[in-house]
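Asks:
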Amino acid sequence: MKTAVVTGGASGIGRAIADRLRADGCHVAVLDLNPGDDDFSHAADVSDRDQVEAALTRIRAQLGPVSILVNAAGLEGYARFKKLPFEEWNRVINVNLNGTFHCIQATIPDMLEAGWGRIVNISSSSAHSGQPFMSHYVAAKSAVNGLTKSLALELGPSGITVNAVPPGFIDTPMLRKAEADNKLGGTIDEHIQRTPVRRVGRPEDIAAACAFLVSEEAGYVNGQILGVNGGRNT
Ligand code: NAP
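If you're matching positions, the sequence shown starts at 21 in the numbering used here and goes up one per residue.
Following this line, the structure appears as structure tokens:
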């Protein structure tokens, strides 16, 4: 059995990915701010390298070396760029981009040692088109896509694939909060009308793409940005 680490695995998309990989036969450990109380869920702020390393030490002691990493921890931010405080810019970059950096750098020694690994980064469809009032979030998620492509080239020769899944509108606590705060630029129903498959995405839609990308049979899929968005690239 392979050991997978899913960040942000206590909620929404990350939780669905953790459930799916468990169902597919992996040992799954979760890293999250408020991870719940099962033995394989660990509290860590992904933007804090010491917390990430401490959680990974516990995970390796429980489940052995990590061969699959899915970076799903993330947070959104909304602000007019003219008034965006640098501290807020940094907060969003720190979690979405630097958190991805820390988790990848802290887990790849295991994958390099094994000569096999799978990394999937959850970015965002907003990186495709941009999004007003979300410049920091879109900058971070765009950088995650760039990081994905570069690491695919760098780590591919070592048997490690690196891909990204940018979700469209997925029904999670993050999306519902954005709707409640009037940050979505319309209701979820209005967004559904602009989505070719005419429904909001489910966390399980993202989990299915991740399950494929981390599988043995996806070994020739590397450096790809696999949009899961109902056909709406925004
Ligand atoms: P969610 O339900 O809010 O889940 C995100 C999880 O990440 C939460 O458990 C959250 O913990 C955790 N988290 C936040 N900051 C963290 C940190 N510093 N360290 C560790 N864990 C942290 O959101 P989601 O919709 O499932 O989002 C998952 C990923 O998909 C995110 O990267 C998001 O940007 C991306 N995404 C989502 C959508 C969408 O439509 N839902 C669209 C595009 C991209 P707390 O709840 O305790 O803060």
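Here a beta-carbon is modelled for each residue, glycine too, at the ideal position from N, C-alpha and C. These figures come from a predicted structure and were not determined experimentally.
By DSSP, does G137 sit in helix, in strand, or in coil?
Replies: Strand.
Asks: Go ahead and pull the three-state DSSP assignment for P216.
Replies: P216: coil per DSSP, three-state reduction.
Asks: From the DSSP output, in three-state form, read off T77 for me.
Replies: T77: helix per DSSP, three-state reduction.
Asks: With a threshold of 8 Å (Cβ to nearest heavy atom), would N203 be considered close to the ligand NAP?
Replies: The identity of residue 203 in the sequence shown is Lys, whereas the question assumes Asn. No, the ligand NAP has no heavy atom inside 8 Å of this Cβ.
Asks: Between the beta-carbon of S162 and the beta-carbon of M154, is there less than 9 Å?
Replies: Not closer than 9 Å, so no.
Asks: Between which two residues does the alpha helix (DSSP H) carrying V248 extend?
Replies: Note, V248: premise wrong, no alpha helix (DSSP H); not H, not E.
Asks: Using only the alpha-carbon positions, how far apart do H122 and K102 sit?
Replies: Using only the alpha carbons, I get a separation of about 30 Å.
Asks: Look at the Cβ atom of L132, then the Cβ atom of L175, and state whether they are nearer than 9 Å.
Replies: Yes. Within cutoff.
Asks: Just to confirm the assignment, what range does the beta strand (DSSP E) spanning V182 have?
Replies: 180 to 185 is the extent of the beta strand (DSSP E) around V182.
Asks: The beta strand (DSSP E) with N91 in it runs from where to where?
Replies: N91 -> beta strand (DSSP E) spans 88 to 91.
Asks: Please return the same chain residues whose Cβ sits closer than 6 Å to the Cβ of S61, not counting the five positions on each side in sequence.
Replies: If we look at S61 and ignore the five residues flanking it on each side, its Cβ neighbours are V50, P55.
Asks: Kindly list the residues whose CB is nearer than 6 Å to the CB of S67, restricted to its own chain and excluding five residues on each side of it in sequence; keep chain order.
Replies: Excluding residues within five positions, the ones whose Cβ falls inside 6 Å are N114, V115, N118, G119.
Asks: Cβ of D65 versus every heavy atom of the ligand NAP: is any distance shorter than 8 Å?
Replies: It does: the Cβ of D65 is within 8 Å (strictly closer) of some heavy atom of the ligand NAP.
Asks: Provide the residue(s) that pair with V48 in DSSP beta bridges, ordered along the chain.
Replies: In the DSSP output, where bridge partners are listed per residue, V48 has A24.
Asks: For K22, count neighbouring Cβ atoms within 10 angstroms of its own Cβ and tell me buried if that reaches 16, exposed if not.
Replies: With 16 or more Cβ atoms within 10 Å of its Cβ, K22 is classed as buried.
Asks: Going by CA-CA distance only, name the one from D191, R252, H211 that's closest to A227.
Replies: Per the Cα distances, D191.
Asks: Within the same chain, show all residues whose beta-carbon is closer than 7 Å to that of G135, passing over the 5 residues directly before and after it, in chain order.
Replies: Closer than 7 Å at Cβ, skipping near neighbours: S178, G179.
Asks: Rounded C-beta distance between P187 and G221? I'm assuming under 8 Å.
Replies: Right, their Cβ atoms sit about 6 Å apart.
Asks: When you compare only the Cα positions, how much space is there between W109 and P152?
Replies: Rounded to the nearest angstrom, the two C-alpha atoms are 14 Å apart.
Asks: Suppose you measure from the CA of L83 to the CA of V48; what does that come to, to the nearest Å?
Replies: Roughly 9 Å separates the two Cα atoms.
Asks: Grouping DSSP H, G and I as helix and E and B as strand, with all else coil, what is S162?
Replies: In this structure, S162 counts as helix in the three-state DSSP scheme.
Asks: Can you tell me whether N183 sits near the ligand NAP, meaning its C-beta is under 8 Å from at least one heavy atom of the ligand?
Replies: No, the beta carbon of N183 sits no closer than 8 Å to any heavy atom of the ligand NAP.
Asks: Could you tell me which residues DSSP pairs with G221 in its beta bridges?
Replies: I190.
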